[in-house]
Structures are given as C-alpha cells and as structure tokens.
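*Asks:* Before I ask anything, here is the structure I am working with.
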Amino acid sequence: MDFAAMTALALGRAFEKGEADPRDATEDFLARARAADPDRRIYVSLLETRARAEAEAASARAKLGLRRHALDGVPLSWKDLFDVAGAATAGGTLALKDRVPARDAEVLARATRLGSVALGKTTMTELAFSGLGINPKFGTPANPHDPKIERAPGGSSAGAGVSLARGLAAAAIGTDTGGSVRIPAAWNGLVGLKTTSGRLPLTGTVPLSPTFDTVGPLARNVEDAAALLALLEGRAARPVAPFGLSRAVFWLPEGGIVWENCEPQIVSALDGAIRGLVKAGAKIVEHPLPELDEIHALAWDPAASRLVADAYAQWGDMLSANEDLIYRPVFERVMAGEKLKAGDLVRADLKRKEIAARYLAATAGVDAVLMPTVAIAPPPIAELEPGGEAYGRANRMALRNTTIGNQLGACAITLPCGQDDNGLPIGLMLQSAPHTEEKLLALALGLERLLA
63 MDFAAMTALA
73 LGRAFEKGEA
83 DPRDATEDFL
93 ARARAADPDR
103 RIYVSLLETR
113 ARAEAEAASA
123 RAKLGLRRHA
133 LDGVPLSWKD
143 LFDVAGAATA
153 GGTLALKDRV
163 PARDAEVLAR
173 ATRLGSVALG
183 KTTMTELAFS
193 GLGINPKFGT
203 PANPHDPKIE
213 RAPGGSSAGA
223 GVSLARGLAA
233 AAIGTDTGGS
243 VRIPAAWNGL
253 VGLKTTSGRL
263 PLTGTVPLSP
273 TFDTVGPLAR
283 NVEDAAALLA
293 LLEGRAARPV
303 APFGLSRAVF
313 WLPEGGIVWE
323 NCEPQIVSAL
333 DGAIRGLVKA
343 GAKIVEHPLP
353 ELDEIHALAW
363 DPAASRLVAD
373 AYAQWGDMLS
383 ANEDLIYRPV
393 FERVMAGEKL
403 KAGDLVRADL
413 KRKEIAARYL
423 AATAGVDAVL
433 MPTVAIAPPP
443 IAELEPGGEA
453 YGRANRMALR
463 NTTIGNQLGA
473 CAITLPCGQD
483 DNGLPIGLML
493 QSAPHTEEKL
503 LALALGLERL
513 LA
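At the far end of the sequence shown sits residue 514, using my numbering, and the numbering has no gaps.
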C-alpha cells in the first residue's frame, strides 16, 4: 500500500477496515523522511519514539473497534512553533533552540487525545515572519515542483507544505498570520485553510502577532481539511456535502490590488476556473471591491503596522540580544516596530475595524470572494537568500493577497487551480465572512470537484 499517495481520510478508512496498520504507515513515513531529508531542511526533528508509541496505541484501538476519530492513527507533521512536551520548540530561530516546553500545545493535545500520530516538527521562517519560507539558519526546504531549480516553498509554514507535497506526512498543521498556511499550500499544490481568528486556540504556540495569528491545516483535498479542522477542535469529523454551485454567488473583484502585477498564467488559470463556475450555473458578481485596496494599504503602512508592533513587543528584546543569530530580513522587519507610535497604531486599529465592517456589509449577499492566492510563482531560493530588495519585493508579492483576509478577520481557503508552463502549482482562494468555515469548506468541495 502506497501510504504517501493516500489522503488522510483514506488512510484512516484503511485502518478502520483492517486493510492497513498505523504502525506500518508510521514506519513508512519515518523512513521516507529519513531518506528524503537527511539534512533536516523539511523536518527540524522527527519524533520517532513518540510517533511509534502513538501508532502502537492506535493499532490496538483499531483492532478492538475503539478508534477515536476518522484520523485516529494518521501521521501528521507539526510546524516548529507548536509546543511538544520535552522536545525543543524553536519557532525557526537559533535564539530559541534550547527552548523545551513541558506541555503540548493545546491543538496538539487535542489531536493526540483523538489518536493522531505526531511524526515530527517542520521547518519554518524564523518567528513565522515571512511568506517565502527562507531560513538560512535552520535550512530552507526546496519546492518539490521544479526538479532543476530550487525554488521557495512558501512560508512561513515551509516544511509543513513540503512535508505533505513530498509524501512525508499524510497532512500538516501550520499557522497563518498573513498567509503562512495558504502560501505554502498554493505553491505546493495543496489545500490550505485559514481559520477565523479565535476559532482554534493558540495556547502553546510560539507567537508572532496575537492579533492575527491563526492555526490551520494543509491537506491533499478539502475533505481532509475539514476532518483536520474537526481534529484540532477536538470533535468528531462530519462529512462535507458539496455546496451546489448552481446556487452559489461569488464576488470577483474587478481590477484593484489583488490583480496588480499578477503573472499572466495565474490570471489565465483563474479565468478558466471562473468559466467553469459560470458553466456550472454559479453567479459571478464582477465589481470593484475597494475595501481590499484600503485594507492592503493600511496593512503595509510602515508607520502603523499592528503586525510589526505585535512582533516587536513579543521579540524585540530577544532579537536585540541575539542579532548575529537572526536572518537579517527578519531582524529588520521585527525591529522596525521600535519606531512605531501608540497613537498611530490605535488609529490604524480603528480604521481596520471600520474597513472590515464596510467589507462585510458589501459582501453580505455573496457566498465568497474569489481571487488569486498568490500573484507570483515561487522564485528561486538563490535569488532570495541574500535578502535585500529582491527578497523584500518577493515577500510582499507572496503575502499581498493572503494578508487581506487576516486583516479583515475573514476565513479563507486555497485550492489547486492548475500549473504554469514550468509545472509550478497555481492557487485559487475563496474568502468568506468570519466563522463561516463549514460553508466555505462546502463551497470549496464543490469547486474542487469542478476543477478536477
């Protein structure tokens, strides 16, 4: 049985039917990870002892008919900012390499209680502060879709995306503060769910911005993403019924920031998906949505960035004391918070809430807003690693569209939407109102089947 090619739910069903054993699947994934990732650019560490013990328990439950969840026994990777009891949790930075928590993060504890297997901890951008996934200190995993050029994996959940795309886990758990689940999902040909702020607990995660941090899954398909959301919430997985596309109404922003400098092949791929939606009977509202441009401008205002202020408040002192250990682009971006003024930040917070209210009122009559997940294909790592202007420009383009959802408080999902001429995946994003994940997943399932 090719465990690496199976969806997480298919693997769980195989355990349920006695067609496969969690112990064999876990050993297979561990062996693949050791062979494919000897320099630990994908996994910071493998939790072999823990994974084997959890697989053994899952195997025993399956034989007794006592499985706890649809994903009981399924091996998952975890981003290196989720606390794992007794294991170093560094948040991608050498400055925290000796940080060993005593307890699991709350979402990991929930997943463990329901029987999932924790394979290991995946690499990430330092402190989760980049959309590219570049980390010269711990290592940058190469995007697996270009065999000739090592390209950016997407970040900050870089190892999460690559661990799944390369068949080194059945699914991956990451976080999304400005796109850190959706960018690696889009660039690796995966489904990535950005949950509403507060839906999943952040207890036991290394923070970047408590204002915007969210936990979310990367998966092979929408049904897996829904089951993973249930697992992280500590509840049973419910089947997802696809939303009838003939009843769906989508807002397609006309012009504006989300299309600016978007690569032609990405535009073409989305045009094809939209034509398919129209053919399926969906209603497409093509109209400007100026709130997207407004929230983008506010988010990237260097004098009033709440995200930068949060990051500096969390980590400014630590970075100042460990400057030589920190990748320069991350250091400079965090330390920019030192110059921010409280009055400007409060005004920006009020403005953000006002824009979000207008956005929700404007889009109240549609099911989701459609846009490219990322406007560019993943650039070569060698062009980005030195930092400087090329890094800054690519990072801003990677994060541009996804950050909008975090700033608006929305939930969002990215789906694979074809490939460019170089075989690099393209992502299509659906964005909907806060706390509408169930409807969003149903819409995404309908669209996923249409695209297939």
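Note that beta-carbon positions come from the ideal geometry of N, C-alpha and C, so glycine has one too.
Can you tell me whether arginine 161 is helix, strand or coil according to DSSP?
*Replies:* Three-state DSSP puts arginine 161 in coil, outside helix and strand.
*Asks:* Nearest-angstrom Cα distance between leucine 270 and threonine 237?
*Replies:* Roughly 10 Å separates the two Cα atoms.
*Asks:* How would you call threonine 155, buried or exposed, if buried means at least 16 neighbouring beta carbons within 10 angstroms?
*Replies:* By the 10 Å Cβ count, threonine 155 comes out buried.
*Asks:* Which term fits histidine 349, buried or exposed, when burial requires 16 or more other beta carbons within 10 angstroms of its beta carbon?
*Replies:* The residue is exposed, with fewer than 16 neighbouring Cβ atoms inside 10 Å.
*Asks:* Check whether the Cβ atoms of leucine 264 and aspartate 275 lie closer than 8 Å to each other.
*Replies:* Cβ atoms of leucine 264 and aspartate 275: closer than 8 Å.
*Asks:* Is it the case that the region 473-481 contacts the region 237-253, given that we only count it when at least three CB pairs across the two stretches are under 8 Å?
*Replies:* In short, these stretches touch, since the Cβ pair count reaches three.
*Asks:* Identify the continuous alpha helix (DSSP H) that holds tryptophan 249 and give its terminal residues.
*Replies:* Looking at the DSSP string, the run of the alpha helix (DSSP H) that includes tryptophan 249 is 244-249.
*Asks:* Among Phe200, His131, Glu353, Ala113, whose alpha-carbon lies nearest the alpha-carbon of alanine 180?
*Replies:* For the residues Phe200, His131, Glu353, Ala113, the minimum Cα distance to alanine 180 belongs to Ala113.
*Asks:* For leucine 307, does the three-state DSSP call read helix, strand or coil?
*Replies:* In this structure, leucine 307 counts as helix in the three-state DSSP scheme.
*Asks:* Looking at the strands, I want to know which residues DSSP matches up with proline 478.
*Replies:* DSSP lists Gly489 as partners of proline 478.
*Asks:* Rounded to whole angstroms, what is the Cα-Cα separation between lysine 141 and serine 330?
*Replies:* Spanning the two alpha carbons is a distance of roughly 33 Å.
*Asks:* Kindly indicate which residue of Leu226, Gly74, Ile388, Arg455 has the alpha-carbon position closest to the one of glycine 201.
*Replies:* That would be Ile388, whose Cα lies nearest to the Cα of glycine 201.
*Asks:* If you compare alpha carbons, which of Phe77, Ala504, His497 is closest to phenylalanine 305?
*Replies:* Per the Cα distances, Ala504.
*Asks:* Is it the case that the region 157-169 contacts the region 403-413, given that we only count it when at least three CB pairs across the two stretches are under 8 Å?
*Replies:* Contact fails: fewer than three Cβ-Cβ distances are below 8 Å.
*Asks:* Which partner residues of glutamate 348 appear in the DSSP bridge assignment?
*Replies:* In the DSSP output, where bridge partners are listed per residue, glutamate 348 has Leu314.
*Asks:* Between the Cα of glycine 334 and the Cα atoms of Leu354, Met433, Lys403, which residue gives the shortest distance?
*Replies:* The shortest Cα separation from glycine 334 among Leu354, Met433, Lys403 belongs to Met433.
*Asks:* Report the option in Thr88, Leu128, Ala97 whose CA atom is closest to the CA atom of glutamate 110.
*Replies:* When each option's Cα is compared against that of glutamate 110, the closest is Thr88.
*Asks:* Return the chain-ordered list of same chain residues with a C-beta closer than 8 Å to the C-beta of arginine 368, the five sequence neighbours on each side being excluded.
*Replies:* Closer than 8 Å at Cβ, skipping near neighbours: Ser271, Thr273, Phe274, Leu407, Ala410, Asp411, Arg414.
*Asks:* Do we get a CB-CB distance below 8 Å when we pair proline 442 with the residues of chain D?
*Replies:* The structure shown contains no chain D; it holds only a single protein chain.
*Asks:* Starting from the N-terminal side, write out each stretch of the beta strand (DSSP E) that is 3 residues or longer and does not extend beyond the region 422-476.
*Replies:* Listed in chain order, they are 430-434.
*Asks:* Cβ of arginine 172 within 7 Å of any heavy atom in the ligand GTP?
*Replies:* With respect to small molecules bound, the structure shown includes none, and the ligand GTP cannot be examined in it.
*Asks:* Report the residue from Ser308, Val396, Val106 whose alpha carbon sits nearest the alpha carbon of alanine 149.
*Replies:* Minimum Cα distance to alanine 149 is reached at Val106.
*Asks:* Among the candidates Glu81, Phe77, Leu143, whose CA atom is the shortest distance from the CA of alanine 117?
*Replies:* Among Glu81, Phe77, Leu143, the Cα nearest to that of alanine 117 belongs to Phe77.
*Asks:* Measuring CB atoms only, is the region 313-328 touching the region 349-361, in the sense that at least three cross pairs come out at less than 8 Å?
*Replies:* The answer is yes - the region 349-361 touches the region 313-328, with three or more Cβ pairs under 8 Å.
*Asks:* Helix, strand or coil: how does DSSP classify leucine 280 here?
*Replies:* In the structure shown, leucine 280 sits in a strand (DSSP, three-state: E or B).
*Asks:* On the premise that valine 136 lies in contact with alanine 70, defined as a C-beta separation below 8 Å, what is that separation, rounded to the nearest angstrom?
*Replies:* 5 Å between Cβ atoms; contact.
*Asks:* Suppose you measure from the CA of threonine 185 to the CA of proline 215; what does that come to, to the nearest Å?
*Replies:* So the two alpha carbons sit approximately 11 Å from each other.
*Asks:* Following the continuous alpha helix (DSSP H) through leucine 339, name the residue where it begins and the one where it ends.
*Replies:* Per DSSP, leucine 339 belongs to the alpha helix (DSSP H) from 326-341.
*Asks:* Could you work out which residue in Gly508, Asp99, Glu353 is closest to alanine 492 when comparing CA atoms only?
*Replies:* At residue 492 the sequence reads leucine, which differs from the alanine that was named. Among Gly508, Asp99, Glu353, the Cα nearest to that of leucine 492 is on Gly508.
*Asks:* To the nearest angstrom, how far is it from the Cα of alanine 373 to the Cα of arginine 172?
*Replies:* If I take the Cα positions, the gap works out to 27 Å.
*Asks:* Quick one: which unbroken beta strand (DSSP E) runs of 3-plus residues sit fully inside the region 86-132? Chain order, please.
*Replies:* The qualifying runs are 105-108.
*Asks:* Please determine, among Leu128, Leu307, Ala456, Ile443, the residue with the shortest C-alpha to C-alpha distance to valine 436.
*Replies:* The candidate whose alpha carbon is nearest that of valine 436 is Ala456.
*Asks:* For the alpha helix (DSSP H) that contains tryptophan 140, what are its first and last residues?
*Replies:* Here tryptophan 140 belongs to no alpha helix (DSSP H); instead the beta strand (DSSP E) covers 137-141.
*Asks:* Which runs of the alpha helix (DSSP H) spanning at least 4 residues fall entirely within the region 363-396, listed in chain order?
*Replies:* You should have 368-383.
*Asks:* How many Å lie between leucine 143 and lysine 341 at the Cα?
*Replies:* Rounded to whole angstroms, leucine 143 to lysine 341 spans 43 Å at the Cα level.
*Asks:* Hey, alanine 506 and glycine 193: beta-carbon distance below 8 Å or not?
*Replies:* Not a contact, by the Cβ cut-off of 8 Å.
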